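Presented below is the structure to which this report refers.
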Amino acid sequence: MKKLLLAMALVSGAAFAKPEIAVKDPWVRLMPPTSKVSAAYMKIENKGSSEDVLLWAKSSVSKITQLHKTITKNGMMKMVRVRKFVIKPGQTIILKPGGYHIMLIDLKHPLKKGEKVTIWLKFKYSGMKKIIAPVENR
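So for the sequence shown, this note's numbering puts the first residue at 56; every next one is plus one.
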């Protein structure tokens, strides 16, 4: 009986374990007015007790939004699309130039410094998060 109660307690505790996602310091890179692409950067922190997965992103300013990372291959830097970002408990993923980022492709209009871009992030367990990212020249 004790083993059964212990097993039930462990299972019920696992059912309540959940990720707690916080998005900090979001921004979108200011590009020349003729550019049809830009990128969004931010810190995504999982303060919870179980992992979460960023499945996709959507933007108010681009027709296509993709998760990307920058890799070096044969001495050349290259961006590649990734299907998801896994964020483990206690982990912070830093989206920054030269690393992981959210690619904004086929911009609907030239971005202006200070403009506010809405980005929706879809997480497997935390659901949808709406963030506002200013366009900056960093």
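For each residue, glycine too, the CB sits at the ideal point set by N, CA and C.
Keep in mind it's a predicted model, so treat the numbers as computed, not measured.
Proximal residues to N192 (C-beta, below 7 Å), its chain only, five neighbours per side dropped: Within the sequence shown, numbered from 1, the residue matching residue 192 stands at position 137. Once the five neighbours on either side are set aside, the close Cβ partners of N192 are L85 and K168.
Given that a residue counts as buried once 16 or more other Cβ atoms are within 10 Å of its Cβ, and exposed if not, what is I126? Position 71 of the sequence shown, counted from the start, is the residue given in the question as residue 126. It is exposed - the Cβ of I126 has fewer than 16 other Cβ atoms within 10 Å.
S90 classed as buried or exposed, judged by whether at least 16 other C-beta atoms fall within 10 angstroms: Counting from 1 along the sequence shown, the entry for residue 90 is found at position 35. Classification for S90: exposed.
My output table needs one value for T89: the three-state DSSP class, helix, strand or coil. The residue labelled residue 89 in the question sits at position 34 within the sequence shown. Coil at T89, not helix or strand.
Identify every run of the alpha helix (DSSP H) within the stretch 113-184, keeping only runs that are complete inside it and at least 4 residues long; order them along the chain. none
Around the C-beta of D107, are 16 or more other C-beta atoms found within 10 angstroms, so that it is buried, or is it exposed? The residue labelled residue 107 in the question sits at position 52 within the sequence shown. Counting Cβ neighbours within 10 Å, D107 comes out buried, since at least 16 surround it.
Kindly identify the DSSP beta-bridge partner or partners of P189. Looking up residue 189 in the sequence shown gives position 134. Looking at the DSSP assignment, P189 forms a beta bridge with K171.
Assigned secondary structure, A72 (DSSP; H/G/I helix, E/B strand, else coil): Here residue 72 corresponds to residue number 17 of the sequence shown, with the count starting at 1. A72: coil per DSSP, three-state reduction.
Should T11 go down as buried or exposed, given a rule of 16 or more other Cβ atoms within 10 Å for buried? The question about residue 11 has no answer here: the residues shown for the chain are numbered 56 through 193.
Exposed or buried, which one is P81 when buried takes at least 16 other CB atoms within 10 Å? Start at 1 with the first residue of the sequence shown, and residue 81 comes out as number 26. Answer is buried; the Cβ neighbour count reaches 16.
Where does K79 sit, in a helix, a strand or coil, going by DSSP? Here residue 79 corresponds to residue number 24 of the sequence shown, with the count starting at 1. Strand.
Taking only three categories from DSSP, how would you classify E106? Residue 106 sits at position 51 when you count from the first residue of the sequence shown. Note: E106 maps to coil in three-state DSSP.
Cβ-based neighbour list, V190, same chain, cut-off 7 Å, excluding 5 preceding and 5 following: One-based indexing of the sequence shown puts residue 190 at position 135. Answer for V190: V83, L85, L166, K167, K168, G169, E170 and V172, listed in chain order.
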